[in-house]
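Everything in the sequence shown is counted per numbering that gives the first Met the number 0, starting at 0 for the first residue and increasing by one. The structure under discussion appears below in the form of C-alpha cells.
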Amino acid sequence: MKRNDEIGILATSLSEMNEKINNLIAQQEQMADERRRLEIDVLQGQIHPHFLGNTLTCIASLVKDDQREKGYRAIVMLTKLMHYSISQTTAITTLADELEATRSYLELRLIRSPGLFSYNIYVPPAHMECMIPKLILQPIVENAITHGFVEQGRTYQLSIVSYVKDGHMYIAVNNNGTEIPSSRVDEIRSGNITPSPKSHGIGLTNVFERLRLNSNMSVGGFVESSADNGTTTTLDLGLL
Numbered sequence: 000m001k002r003n004d005e006i007g008i009l010a011t012s013l014s015e016m017n018e019k020i021n022n023l024i025a026q027q028e029q030m031a032d033e034r035r036r037l038e039i040d041v042l043q044g045q046i047h048p049h050f051l052g053n054t055l056t057c058i059a060s061l062v063k064d065d066q067r068e069k070g071y072r073a074i075v076m077l078t079k080l081m082h083y084s085i086s087q088t089t090a091i092t093t094l095a096d097e098l099e100a101t102r103s104y105l106e107l108r109l110i111r112s113p114g115l116f117s118y119n120i121y122v123p124p125a126h127m128e129c130m131i132p133k134l135i136l137q138p139i140v141e142n143a144i145t146h147g148f149v150e151q152g153r154t155y156q157l158s159i160v161s162y163v164k165d166g167h168m169y170i171a172v173n174n175n176g177t178e179i180p181s182s183r184v185d186e187i188r189s190g191n192i193t194p195s196p197k198s199h200g201i202g203l204t205n206v207f208e209r210l211r212l213n214s215n216m217s218v219g220g221f222v223e224s225s226a227d228n229g230t231t232t233t234l235d236l237g238l239l
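Put into C-alpha cells, the structure is as follows:
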C-alpha cells in the first residue's frame with residue numbers, strides 16, 4: 000500500500016511538473032509571437048521616411064522645372080502611395096495591392112526620368128490574391144533604379160515575376176543595371192549586411208528581415224548579380 004501511495008504521489012508530481020512546463024512553453028511562444036509582431040511593425044515603419052524623402056525629392060524637382068502637369072500627377076500618385084504605405088490596419092496585403100503600389104512608384108520615377116527604363120510585370124491571375132507582407136517590392140525596385148540605373152545613354156529594363164516551386168511562392172525582381180559587387184552579394188547572402196555609404200535607406204536588409212520574421216524561415220530571400228545576367232532579387236514568401 001505504501002508503495003502504491005509513493006507511486007501515486009510521484010505521478011501527481013510529474014503531472015503537475017508537466018503542466019507547468021507546458022504553461023511555460025506556451026508563455027514563451029506567446030512572447031515570441033508578440034516580439035515578432037512588434038519587430039515587424041518597427042521594421043515596416045522604418046521604410047516610411049526613406050520612401051517619403053525620395054518621392055518628395057522627385058516632386059520638388061518637377062516643381063523646380065515648372066512641369067506642373069507632371070507635378071500634379073506625381074502628387075496624386077504620392078497620395079495613393081502614402082495612403083498604402085502608412086495604413087496601420089494590417090502589415091499584410093494582397094499581391095495585387097502590392098503590385099499596384101509598386102507600379103505607381105515606377106510610374107512616378109518615370110515622370111522624373113522619362114525613358115530611363117522600361118518595366119514588365121508577369122504575375123499569373125491566380126497569384127494576385129496571395130497574402131504577402133506590405134512594402135516588400137518598392138524598396139527593391141528603388142534600389143535597382145537608384146544604384147543600378149546610373150550610366151548615361153542607356154535604357155534599362157526591370158521585370159517582376161512570380162512563380163511557384165516546391166510548394167513555395169517566389170517573387171523575382173530582375174534588372175539589367177550595374178551589377179552588385181561580389182563582396183556585397185556575399186554580405187547579403189550571409190545576412191551580415193553592412194550599411195553602404197551610398198545607401199539612403201533600409202532596402203534589402205529590411206525586406207529580408209521582415210520576410211524571415213513573418214514566415215519563421217531562416218532565409219527571406221537571396222540575390223544574384225553578374226554583368227551578363229544583371230541582378231535578380233528573389234523573395235521567398237514561404238509555403239502556399
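For every residue, glycine included, the Cβ atom is placed at its ideal position computed from N, Cα and C.
query, result
"Is the region 161-176 in contact with the region 227-236, if contact means three or more CB pairs nearer than 8 Å?", "yes"
"Where do the N-terminal and C-terminal ends of the beta strand (DSSP E) with residue 281 fall, by residue?", "Here the chain has residues from 0 to 239 only, and residue 281 is not among them."
"Among 203, 227, 82 and 228, whose alpha-carbon lies nearest the alpha-carbon of residue 220?", "203"
"Quick one: Cα of residue 154 to Cα of residue 117, how far?", "7 Å"
"Bridge partners for residue 164 per DSSP, in chain order?", "167"
"Look at the alpha carbon of residue 159 and the alpha carbon of residue 126, and state the distance between them as a whole number of angstroms.", "13 Å"
"Tell me the DSSP secondary structure of residue 225 in three-state form.", "strand"
"Tell me where the beta strand (DSSP E) around residue 132 begins and ends.", "130-132"
"Taking the alpha-carbon positions, what's the residue 37 to residue 102 distance?", "Residue placement at residue 37 is poorly supported in this model, since its pLDDT is 48, which falls under 50; the coordinates are not used for a value here."
"Just how far apart, CA to CA, sit residue 15 and residue 23?", "12 Å"
"State the DSSP-derived secondary structure class of residue 179, mapped to helix, strand or coil.", "coil"
"Short of 7 Å in beta carbon distance, which residues of its chain neighbour residue 227, apart from the five on each side in sequence? Order them along the chain.", "none"
"Among residues of its own chain, excluding the 5 on either side of residue 199, which ones have a beta-carbon nearer than 8 Å to its beta-carbon?", "With a pLDDT of 41 at residue 199, under the threshold of 50, the modelled position of this residue cannot be trusted, and the question is left open."
"Would you identify the three-state DSSP class for residue 64, choosing helix, strand or coil?", "coil"
"Does residue 1 pass the burial test, meaning 16 or more other C-beta atoms within 10 Å, or should it be called exposed?", "With a pLDDT of 49 at residue 1, under the threshold of 50, the modelled position of this residue cannot be trusted; read the value that follows with caution. Exposed, since its Cβ has fewer than 16 Cβ neighbours within 10 Å."
"Can you give me the start and stop residues for the alpha helix (DSSP H) that residue 139 sits inside?", "137-142"
"Let me check one thing: in DSSP terms, what residues is residue 230 bridge-paired to?", "174 and 224"
"Nearest to residue 63 by alpha carbon, out of 27, 95 and 111?", "111"
"What's the gap between the Cα of residue 187 and the Cα of residue 17?", "42 Å"
"Assuming residue 98 contacts residue 120 (C-beta within less than 8 Å), just tell me the rounded distance between them.", "6 Å"
"Going by beta carbon distance, what residues of the same chain come within less than 6 Å of residue 77, once the five residues before and after it are set aside?", "54"
"Could you tell me the alpha carbon to alpha carbon distance between residue 29 and residue 157, rounded to whole angstroms?", "41 Å"
"So, using beta-carbon positions, are residue 152 and residue 229 closer together than 8 Å?", "no"
"Measuring CA to CA, which of 212, 207, 211 and 179 is closest to residue 224?", "179"
"Measuring CB to CB, does residue 132 end up less than 8 Å from residue 210?", "yes"
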